[in-house]
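Enquirer: First the structure, then my questions, so here it is.
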Amino acid sequence: MSYAELVSTTLQGLYESTAGWSAMAKTLQNVWTEGASPGSHAQDRSPSQSALSTLASPLASAAPADSHRYSGQEQLLAIVCSESPNPPPAAFPSLDAFASRRSGVLGPLLAWLSEPCASWPAVAADRYAGPWNRRTANPVLVIGNTYDPATPYEGSVAMTRELARARLLTVNGYGHGAPSPCKTRFLTRYLLDLTLPPKGARCAQSPQPFSG
Numbered sequence: 010m011s012y013a014e015l016v017s018t019t020l021q022g023l024y025e026s027t028a029g030w031s032a033m034a035k036t037l038q039n040v041w042t043e044g045a046s047p048g049s050h051a052q053d054r055s056p057s058q059s060a061l062s063t064l065a066s067p068l069a070s071a072a073p074a075d076s077h078r079y080s081g082q083e084q085l086l087a088i089v090c091s092e093s094p095n096p097p098p099a100a101f102p103s104l105d106a107f108a109s110r111r112s113g114v115l116g117p118l119l120a121w122l123s124e125p126c127a128s129w130p131a132v133a134a135d136r137y138a139g140p141w142n143r144r145t146a147n148p149v150l151v152i153g154n155t156y157d158p159a160t161p162y163e164g165s166v167a168m169t170r171e172l173a174r175a176r177l178l179t180v181n182g183y184g185h186g187a188p189s190p191c192k193t194r195f196l197t198r199y200l201l202d203l204t205l206p207p208k209g210a211r212c213a214q215s216p217q218p219f220s221g
């Protein structure tokens, strides 16, 4: 397993703290004790890991025959790139350095994932770029878990403050979208009748990492 593959595998494993952390631990142990070949413990990969791999490895899979629907990373990029402000190609080396200082070895990988957007030719016709403090017809429920490796909790706090009508529900948990029956109950009530959780509401993650 190369250094780049090890970094990518670690990032993928951090996304899902239930199955993903267990698979990552097995892979890291295998690298430490035996040396792992690419694809080791592939049977332990979670759906979220597979999705991230598609984004991280643009050439990992070819488009199927015309008779099949094609679901690839281009569809994700079409949304992400057309709805966001994107730096020019020349900016990415400095972004790489900044990400490395801020997030160690995982930072540059995340910084370069959006590099295709630097030359994306289209802009969404209905893209909204603010202002974000306008009063919305309905309140907004913002959910953030405290140890999210992809969308930091600090961003959830900042978004809640910037939106005119928003309530933050905090999940004390790990991974990108921590599972929580408590969170699900609050979310269900919000979707059904727009009932917001109490101010300062917090939920626990369940199941916890490595609990199974």
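Residue numbers are given in our numbering: position 76 of the sequence shown equals residue 85, and the series is strictly consecutive. All residues carry an ideal CB built from backbone N, CA and C; glycine is no exception. Here the structure is a predicted model, which is why all the values come from computation and not from measurement.
#1: Give the single residue among ASP202, PRO206 and SER189 whose Cα lies nearest to the Cα of SER215.
#2: I think TRP121 touches ASP105, with their Cβ atoms under 8 Å apart; what is that distance to the nearest whole Å?
#3: What does DSSP give as the partner residues of ARG211 in its beta bridges?
#4: Between the segment 142–156 and the segment 86–104, are three or more C-beta pairs nearer than 8 Å?
#5: Which stretch, first to last residue, makes up the beta strand (DSSP E) that contains VAL151?
#6: At what residue ranges does the segment 89–145 contain a whole run of the alpha helix (DSSP H), taking only runs of 4 or more?
#7: Between the Cα of ILE88 and the Cα atoms of VAL166, ARG78, SER220 and ALA133, which residue gives the shortest distance?
#8: For PRO157, does the count of other Cβ atoms within 10 angstroms reach 16, so buried, or fall short, so exposed?
#9: Buried or exposed for PHE195, going by 16 or more other Cβ atoms inside 10 Å?
#10: Out of SER109, SER91, ALA99 and GLY139, state which residue places its alpha-carbon closest to the alpha-carbon of CYS126.
#11: Where in the segment 14–49 do unbroken runs of the alpha helix (DSSP H), each at least 4 residues long, occur, reported from the N-terminal end onward?
#12: Skipping 5 residues on each side, what residues in its chain have a beta carbon closer than 7 Å to that of TRP141?
#13: Can you check which of these residues, MET10, LEU150, ALA108 and ALA159, is closest to ASP202 by C-alpha distance?
#14: Which whole-angstrom value describes the C-beta separation of GLY182 and ASN154, a residue pair presumed to lie in contact below a C-beta threshold of 8 Å?
#15: Taking its Cβ as the centre, do 16 or more other Cβ atoms sit within 10 Å of VAL180, making it buried, or is it exposed?
#16: In whole angstroms, what separates the C-alpha of ALA108 from that of VAL114?
Expert: Let me lay it out:
#1: Within the sequence shown, the letter at position 206 stands for residue 215. Checked all of ASP202, PRO206 and SER189; the closest Cα to SER215 is SER189.
#2: Residue mapping note: residue 121 aligns to position 112 of the sequence shown, counting from 1. Residue mapping note: residue 105 aligns to position 96 of the sequence shown, counting from 1. Confirmed, Cβ separation roughly 7 Å.
#3: Here residue 211 refers to the residue found at position 202 when the sequence shown is read from its first residue. Per DSSP, THR179.
#4: no
#5: Walking along the sequence shown from the start, residue 151 turns up at place 142. Taken as a continuous stretch (DSSP letters only), the beta strand (DSSP E) holding VAL151 covers 149–156.
#6: 101–112 and 115–122
#7: Position 79 of the sequence shown holds residue 88. When only C-alpha atoms are compared, the closest one is ALA133.
#8: Position 148 of the sequence shown holds residue 157. Checking the displayed sequence, the identity of residue 157 turns out to be Asp instead of Pro. With 16 or more Cβ atoms within 10 Å of its Cβ, ASP157 is classed as buried.
#9: The residue given as residue 195 occupies position 186 in the sequence shown. That one is buried.
#10: Against the sequence shown, residue 126 aligns to sequence position 117. Comparing Cα positions, the closest option is SER91.
#11: 28–42
#12: In the sequence shown, the residue the question calls residue 141 occupies position 132. Excluding sequence neighbours, TRP141 sits near GLU171 and LEU172.
#13: Position 193 of the sequence shown, counted from the start, is the residue given in the question as residue 202. The residue with the shortest Cα to Cα distance from ASP202 is LEU150.
#14: Position 173 of the sequence shown holds residue 182. Position 145 of the sequence shown holds residue 154. With a Cβ gap of about 4 Å, GLY182 and ASN154 count as contacting.
#15: Taking the sequence shown and counting its residues from 1, one reaches residue 180 at position 171. Buried.
#16: By one-based count along the sequence shown, residue 108 stands at place 99. By one-based count along the sequence shown, residue 114 stands at place 105. Between ALA108 and VAL114, the C-alpha separation is close to 9 Å.
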